[in-house]
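One structure below.
There are 6 protein chains.
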Amino acid sequence: MQIENHIRSQILIDALPYIQKYHDKIVVIKYGGNAMTNSELKEAVMRDIVLLSEVGIKVVLVHGGGPEISAMLKRVGVESRFINGLRYTDEQTMDIVKMVLSGKVNKELVAALQLNGGKALGLCGCDGQMIVAQKLESEVDLGYVGEIKKITTKPILDALTNGYVPIIATVGTSETGQSYNINADTAAARIASCLRAEKLILMTDIKGLLKNKDDENTLIPAVNVSEVAYLKSMGIISGGMIPKIDCCVEAIRRGVKRTSIIDGRVPHSILIELLTNEGIGTQFT
Amino acid sequence: MQIENHIRSQILIDALPYIQKYHDKIVVIKYGGNAMTNSELKEAVMRDIVLLSEVGIKVVLVHGGGPEISAMLKRVGVESRFINGLRYTDEQTMDIVKMVLSGKVNKELVAALQLNGGKALGLCGCDGQMIVAQKLESEVDLGYVGEIKKITTKPILDALTNGYVPIIATVGTSETGQSYNINADTAAARIASCLRAEKLILMTDIKGLLKNKDDENTLIPAVNVSEVAYLKSMGIISGGMIPKIDCCVEAIRRGVKRTSIIDGRVPHSILIELLTNEGIGTQFT
Amino acid sequence: MQIENHIRSQILIDALPYIQKYHDKIVVIKYGGNAMTNSELKEAVMRDIVLLSEVGIKVVLVHGGGPEISAMLKRVGVESRFINGLRYTDEQTMDIVKMVLSGKVNKELVAALQLNGGKALGLCGCDGQMIVAQKLESEVDLGYVGEIKKITTKPILDALTNGYVPIIATVGTSETGQSYNINADTAAARIASCLRAEKLILMTDIKGLLKNKDDENTLIPAVNVSEVAYLKSMGIISGGMIPKIDCCVEAIRRGVKRTSIIDGRVPHSILIELLTNEGIGTQFT
Amino acid sequence: MQIENHIRSQILIDALPYIQKYHDKIVVIKYGGNAMTNSELKEAVMRDIVLLSEVGIKVVLVHGGGPEISAMLKRVGVESRFINGLRYTDEQTMDIVKMVLSGKVNKELVAALQLNGGKALGLCGCDGQMIVAQKLESEVDLGYVGEIKKITTKPILDALTNGYVPIIATVGTSETGQSYNINADTAAARIASCLRAEKLILMTDIKGLLKNKDDENTLIPAVNVSEVAYLKSMGIISGGMIPKIDCCVEAIRRGVKRTSIIDGRVPHSILIELLTNEGIGTQFT
Amino acid sequence: MQIENHIRSQILIDALPYIQKYHDKIVVIKYGGNAMTNSELKEAVMRDIVLLSEVGIKVVLVHGGGPEISAMLKRVGVESRFINGLRYTDEQTMDIVKMVLSGKVNKELVAALQLNGGKALGLCGCDGQMIVAQKLESEVDLGYVGEIKKITTKPILDALTNGYVPIIATVGTSETGQSYNINADTAAARIASCLRAEKLILMTDIKGLLKNKDDENTLIPAVNVSEVAYLKSMGIISGGMIPKIDCCVEAIRRGVKRTSIIDGRVPHSILIELLTNEGIGTQFT
Amino acid sequence: MQIENHIRSQILIDALPYIQKYHDKIVVIKYGGNAMTNSELKEAVMRDIVLLSEVGIKVVLVHGGGPEISAMLKRVGVESRFINGLRYTDEQTMDIVKMVLSGKVNKELVAALQLNGGKALGLCGCDGQMIVAQKLESEVDLGYVGEIKKITTKPILDALTNGYVPIIATVGTSETGQSYNINADTAAARIASCLRAEKLILMTDIKGLLKNKDDENTLIPAVNVSEVAYLKSMGIISGGMIPKIDCCVEAIRRGVKRTSIIDGRVPHSILIELLTNEGIGTQFT
């Protein structure tokens with residue numbers, strides 16, 4: 000890009016207060032949606048993370064992998080079944096989920112970050128008993144869909160201390176060794192709170208919370224968690240936004256300083272959110 | 000087992016010199032064959048490793064996963080093709096190999112070790128650029144079958160330092176991010192030499208090197224690497240034994256103190272090899 | 000001993016949960032009686048301690064030395080006098096006690112442990128002011144029989160940190176430099192509680208606490224300290240057992256997790272107690 | 000500045016390889032000229048240094064202070080006398096030089112850096128015997144003009160380790176305690192080489208080395224030290240440039256990787272030099 | 000000095016309990032008066048400090064520099080004006096104060112200590128934001144006379160940890176970067192209390208607190224801070240003694256163990272105070 | 000002692016360069032003779048050592064105990080027999096030697112040093128296998144008189160690191176556990192060289208090396224080891240001095256910087272030797 004040097008330097012200087020703010024702090028990023036499927040966006044995310052690491056911010060990347068799971072299930076002839084937006088997970092499905100998430104998606108992310116100059120370590124919930132899970136109790140049986148019982152932060156902190164970006168596949172393991180499929184948003188929120196993260200970022204395919212969900216110009220840039228109930232009652236928080244925002248609220252309640260829902264469709268949305276004045280998306284505090 | 004206490008204590012005492020010998024030393028175990036497919040043998044291996052860790056031996060577990068790979072390939076309708084005993088690995092196959100090894104086999108081993116009271120961390124060749132690979136040059140094109148260019152020991156040593164048994168899936172990654180299928184025996188030998196391991200153990204489904212390969216009573220318990228050429232010329236080392244023994248020789252040449260080919264069909268063969276006087280199988284020095 | 004390897008390995012595996020339980024924990028052993036005078040038993044004790052150290056248990060050995068003291072006193076023509084089971088200790092006797100305990104018995108134990116492959120450091124109460132003592136107040140004057148005023152754990156912890164088994168002769172020193180003869184059971188109990196030991200083991204020449212003291216088949220394997228008063232009132236705890244069990248009770252009250260009275264006449268009784276399911280003797284909790 | 004976020008993020012990303020290159024490396028900056036007298040430029044320099052520190056670059060700031068010294072000398076009625084471009088330094092002058100450099104200029108820089116969010120520690124050559132000096136031998140007596148005999152890097156490294164930007168006033172002290180006036184360019188070059196700095200930057204009031212010194216469009220962006228003799232013979236390096244470029248050459252010879260002469264009149268010239276592709280000024284390698 | 004060796008050794012031995020008492024403890028010395036202007040006394044002070052450092056006492060030296068400031072002000076033609084014993088400090092004066100204190104006096108002390116074999120680091124209030132100051136509120140405007148808002152002990156502790164004697168010029172800096180002239184006695188007292196010093200020593204030109212201020216034989220060797228109010232009411236503490244003794248009282252109240260006012264006119268008064276039985280001057284506890 | 004403070008302080012200051020010289024350095028003192036039997040001298044030695052420790056010198060005390068051994072042997076009716084000045088050591092004698100040295104003399108020294116405010120740890124040759132010994136080969140059989148095969152410095156260095164003065168009884172132990180009687184001068188010299196000591200001091204009951212052995216005014220204050228052969232040939236070094244001086248020469252040859260033979264009959268001779276200009280006795284370099 001042909002930009003004059005005085006603009007370049009000014010922009011770097013403008014980022015300084017934000018770099019100082021997050022220096023040596025933990026930022027947990029839930030990675031997903033278009034930012035993960037579109038290769039250009041993916042490349043931009045990898046660069047963002049390498050830059051953040053390089054300037055002293057401790058990034059933890061948490062990912063799901065819905066589309067790749069569905070593709071693999073289809074390939075082996077297992078039908079994907081969703082109940083209330085959650086994938087029904089029988090034993091066969093669980094096997095595929097685990098393989099795809101921790102053997103394919105996770106490892107591809109590790110390789111991609113390293114191609115961009117970063118250092119990464121892929122972790123799955125079973126490594127060092129990081130995500131101890133149990134069956135999610137619900138009215139309808141969901142099979143091996145799990146909920147988090149306990150997070151062991153040691154493997155994550157070890158990776159950070161040793162200079163790696165931990166990249167986490169959200170497969171949990173029960174105390175008897177059974178694998179469970181864990182929602183990645185929930186896992187990211189829980190990991191962020193156990194790490195006392197400075198910030199949790201959920202990447203989505205929407206602009207953020209909109210006053211009028213059909214008008215992207217009505218973005219609500221900041222929400223206090225105390226306002227969430229009201230926004231739900233008004234129908235402003237609705238549908239698929241509810242569980243995501245519940246994650247944000249829960250994370251804040253358990254000690255994360257700030258959480259943001261950002262638009263993963265915008266290249267470098269993570270950098271914009273963390274290192275510019277305006278940020279992007281909706282921030283909860 | 001109903002054994003008198005004085006026998007119990009004597010046996011523990013008998014193990015003492017061997018515990019002292021390997022205390023704080025690195026032992027690399029290549030895990031495979033029946034010991035991996037038979038669930039009782041697998042359980043025994045896990046217990047052996049936990050015991051060895053507990054008495055201060057630094058175990059590194061390296062594994063392949065041929066049968067599970069073949070099963071998965073079959074399930075997605077990809078034909079397994081072998082050329083000179085090596086799996087021809089096209090792009091589709093590589094994808095499945097990676098998923099199965101690092102997403103299924105590796106994670107199951109991590110969970111199994113932890114179920115038995117150990118602490119484990121699953122690593123794949125891409126994590127922390129542990130196994131840097133390149134295409135294996137050979138007369139016949141083998142696709143994405145790779146050879147090791149460089150081992151980065153840092154992620155393995157970090158795991159040991161942090162108190163974990165590193166469990167390694169032998170998928171390598173090239174400097175441009177391409178995955179390669181790496182022979183697990185070769186990888187174990189190379190990792191052992193880069194770690195300056197005290198011992199490398201290759202688990203197999205044979206008794207060891209036999210003078211007469213049809214008579215299990217003709218086991219050769221110890222071989223000096225200088226005798227290998229002669230044993231090959233005599234046909235005593237032949238067939239599938241050749242690459243395994245070449246691994247042993249290569250490891251010794253590059254600085255591993257001892258390597259053994261042991262019979263994985265015998266329960267607790269690792270313990271017997273490491274903590275008893277007679278050992279088991281054939282040891283190369 | 001000709002034992003099949005599968006039994007050997009099974010027995011090692013059986014010990015695993017106990018090794019895990021005491022790993023990195025402090026175990027204080029009061030060594031005395033037949034286990035100290037019989038050379039075969041002594042050899043077995045030394046091996047037990049080396050094994051325990053090697054598997055990561057922090058052993059502290061506390062010893063007395065009655066028979067050797069008596070022999071030396073006799074040799075220099077000083078009459079041994081006992082009042083209520085305690086040796087009357089005049090200045091001459093104190094001199095001999097100190098010399099024999101810290102110059103002979105202690106140093107022989109250090110050498111014996113090292114002959115068996117261990118690393119040991121002999122400590123006497125004066126070293127680093129480890130056992131600060133004062134005259135034991137009693138109705139009958141006992142001369143330089145002392146009681147413990149304060150334990151300085153630093154020299155013991157330094158020795159453990161530097162990789163040695165501290166072997167402790169229980170001669171105390173007052174703040175004015177006077178030596179005092181300290182009962183080894185009491186010293187072991189007090190040291191164990193100051194070190195917050197996981198376990199205190201008192202080696203004796205009896206099977207443990209017996210319901211019927213004439214019938215070794217009536218061993219009481221476990222006692223809660225709250226039951227001790229009752230057992231005393233019933234005469235089950237009586238005679239020479241009273242001070243030993245008082246030591247156990249006192250140790251538990253001051254923070255030691257478990258204490259056992261074990262039969263030192265059984266070879267490897269320490270290993271059996273610590274690393275087998277049944278244990279040996281009577282355990283107080 | 001109103002700049003679109005995608006440009007902001009792109010520019011940050013563009014800086015990434017340069018941040019990686021200098022991460023944890025030492026960069027010595029000789030600060031002087033307009034960049035020091037013009038308050039806006041000074042502010043920009045301070046921000047640049049804070050940003051560089053924040054992204055993990057270890058900056059060492061070395062400064063002179065000619066104009067302030069001249070002003071103070073004038074105020075106390077001491078005439079400034081220059082011989083071959085070097086200030087003749089009698090005892091009175093030396094006193095003023097020391098006071099102004101280490102008591103005024105140095106402390107103002109420390110305060111300025113901290114006002115911009117940095118952490119700074121002011122050091123003078125006598126602190127921790129950092130700059131050991133002796134009288135500069137020359138044909139004409141220059142009084143207390145000194146040359147460096149030895150650099151003690153400990154106080155500089157201590158400051159960096161403790162998280163400060165060391166700001167260095169170039170007053171040297173002889174072994175008998177006599178202060179000497181040291182040329183700041185020379186001191187910066189020597190300090191850089193003793194610290195094995197990755198880069199030395201000399202800020203000047205010219206664009207860099209020009210082929211035609213009257214035409215700023217003839218900047219020579221890169222020079223290999225082997226070419227310097229030729230450039231001098233051609234008159235391209237001449238006049239006041241000679242000692243500066245000699246400093247650069249000397250620094251490279253003694254182990255500094257790169258040195259640059261940059262235009263301090265351009266705001267953020269340090270950032271542009273370090274974190275952009277083109278850089279600014281003339282780089283010697 | 001021709002002194003017999005047995006006397007030499009006895010005197011060293013006599014100092015032992017005092018060396019033990021202050022070993023590894025922090026002693027803050029406010030240096031001033033004749034001890035600073037007389038070169039022989041100054042030499043003795045430097046030696047005392049080097050000796051104290053060498054025997055393991057952590058000395059922090061705090062100094063003012065009134066006479067040198069006045070001389071410089073006179074030289075640049077600025078009139079010294081005192082209001083209630085405090086120097087009225089306009090901008091010009093502040094500039095001179097800062098230069099003289101941190102650029103001349105401080106650096107000369109650093110050099111002098113090093114000439115005597117010590118290691119010193121000169122610090123000014125702005126270094127590492129050590130002395131954060133604000134305008135002293137008083138009835139009459141005093142210009143840039145400041146009071147301490149906060150002490151950052153990190154740069155002082157860093158210097159001690161790195162083996163230096165920190166020598167502190169008491170110029171403070173406000174949060175907006177403005178310099179303030181801080182009374183050195185007050186600064187020493189505040190620094191001592193923030194460092195939880197074992198002792199604060201104020202060097203003066205009087206013998207100590209005298210019952211009859213005209214008779215040096217009426218020295219009061221020890222005062223409890225609770226007696227100060229009474230001594231003031233009796234006029235025994237009066238005039239210039241009042242602020243000094245208020246510093247002592249304040250320091251004791253804020254956690255310093257002991258403070259002494261000693262006679263800087265006596266050579267080696269610091270050694271005598273710290274390492275002899277009688278001490279010198281008046282001690283407050 | 001009534002000494003004026005200015006003399007006291009001057010003497011302390013006079014000691015400063017010597018304190019600096021030995022700061023953090025190891026000084027090995029062989030303690031014996033009158034300095035050990037006379038209680039006032041002993042007290043002075045203890046104080047000297049505490050003072051030296053306190054000012055940062057790492058003292059290692061090595062002792063014999065001839066008179067106490069002889070007394071004890073007499074008491075138990077074993078005749079002392081000397082061959083060429085070396086005690087013939089049968090098994091009974093060895094037992095007594097060990098007991099007296101490590102159980103009586105050593106422990107009394109530990110207690111004495113601590114009574115004077117020091118921290119001490121008693122070590123015998125068997126502790127941590129510090130002195131590995133073997134039978135001294137000689138024409139006449141000397142029984143269990145041993146020579147040093149190897150010094151393990153770890154227990155000594157551990158003690159110094161943990162803040163103790165190691166006090167060493169020179170009983171050696173062979174690899175098979177046999178105790179040997181080791182000459183204390185030789186042991187001190189060997190320990191000093193293995194520790195790369197700055198100085199070895201041998202305390203004796205003579206003034207030093209005398210030109211005329213009947214005239215104490217003919218002390219030779221300094222000898223270069225190259226002159227020793229000549230001094231022997233002249234008969235100046237003769238009789239009991241020969242082995243002592245051979246120890247000094249050997250120590251210097253093996254890396255000790257300086258060794259001195261000092262007069263232990265002079266109170267505080269150690270302090271005088273180490274901390275005054277003239278020293279005392281004869282120094283070998």
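Protein chains in written order, with numbering that gives the first Met the number 0: chain U, 0 to 284; chain F, 0 to 284; chain S, 0 to 284; chain C, 0 to 284; chain P, 0 to 284; chain A, 0 to 284.
Built from N, CA and C at the ideal position, the CB exists for glycine as well.
As the structure is a prediction and not an experimental result, all values here were calculated from the model.
If you count every other CB in all the chains shown that lies within 10 Å of the CB of A/Val-139, and 16 or more means buried, which is it? exposed
Determine, using beta carbons only, whether S/Thr-275 comes closer than 8 Å to chain A. no
Can you pull the DSSP bridge partners for C/Gln-9? For C/Gln-9, which the question treats as bridged, DSSP gives no partner whatsoever.
Skipping 5 residues on each side, what residues in its chain have a beta carbon closer than 6 Å to that of A/Ser-268? Cβ within range, chain order: Ile-261, Asp-262, Ile-279.
Which residues, taken in chain order from the region 110-131 of chain A, show a beta carbon closer than 7 Å to some beta carbon of chain P? Gly-116: these are the residues of the region 110-131 of chain A whose beta carbon lies less than 7 Å from some beta carbon of chain P, given in chain order.
So which residues of chain U does F/Tyr-163 contact, with C-beta pairs closer than 7 Å? By Cβ distance, chain U contributes Gly-127.
Expressed to the nearest angstrom, what Euclidean distance is found between the alpha-carbon atoms of P/Ile-25 and P/Ile-200? 11 Å
Pair every Cβ in the region 106-125 of chain P with every Cβ in the region 150-163 of chain P, then say whether three or more of these pairs are closer than 8 Å. yes
CB F/Val-164 to CB F/Leu-60, shorter than 8 Å? yes
Helix, strand or coil at P/Met-0 [DSSP, three-state]: At P/Met-0, the pLDDT of 49 sits below 50, so the modelled position is not reliable; the number obtained from the coordinates is stated separately. Note: P/Met-0 maps to coil in three-state DSSP.
May I ask you to list the residues that DSSP assigns as paired with P/Met-202? P/Ile-261
Would you be able to state if there are at least three C-beta pairs under 8 Å between the region 96-116 of chain A and the region 58-73 of chain A? yes
What residue ranges within the region 87-174 of chain C form continuous alpha helix (DSSP H) runs of no fewer than 4 residues, ordered along the chain? 90-97, 105-114, 153-160
Name, please, each residue of chain P whose Cβ falls closer than 7 Å to the Cβ of C/Pro-66. In chain order: nothing, as chain P lies at least about 15 Å away.
Starting from S/His-22, find everything on chain F with Cβ-Cβ shorter than 8 Å and list it in chain order. Glu-53, listed in chain order.
Going along the chain, which residues of its own chain have a beta-carbon closer than 7 Å to the beta-carbon of A/Leu-159, five neighbours each way excluded? Lys-57, Pro-165
Given this structure, state the Cα-to-Cα distance separating F/Ala-307 from S/His-5, to the nearest angstrom. There is simply no residue 307 of chain F to check, as chain F begins at 0 and stops at 284 in what is shown.
A/Asp-126 to S/Ala-188, Cα distance in whole Å? Looking at the backbone, the Cα of A/Asp-126 and that of S/Ala-188 are separated by about 24 Å.
Taking only the alpha-carbon atoms, compute the straight-line gap between A/Val-248 and S/Thr-151 and give it to the nearest angstrom. For A/Val-248 and S/Thr-151, the gap between their C-alpha atoms comes out near 41 Å.
Spatial distance of P/Leu-114 from P/Val-144 (CA atoms): 33 Å
Per DSSP, which one or two residues make a beta bridge with S/Gln-282? S/Ala-221, S/Ser-259
Against A/Pro-266, what residues of chain P qualify as contacts under a CB-to-CB distance less than 8 Å, listed in chain order? His-5, Ser-8
What first and last residue would you give for the beta strand (DSSP E) that runs through P/Ser-178? 178-180
Length of the line joining the Cα atoms of S/Gly-32 and F/Leu-273: Roughly 36 Å between the two C-alpha positions.
For the putative contact between F/Met-93 and F/Asn-180, defined by C-beta atoms under 8 Å, what is the C-beta separation to the nearest angstrom? 6 Å
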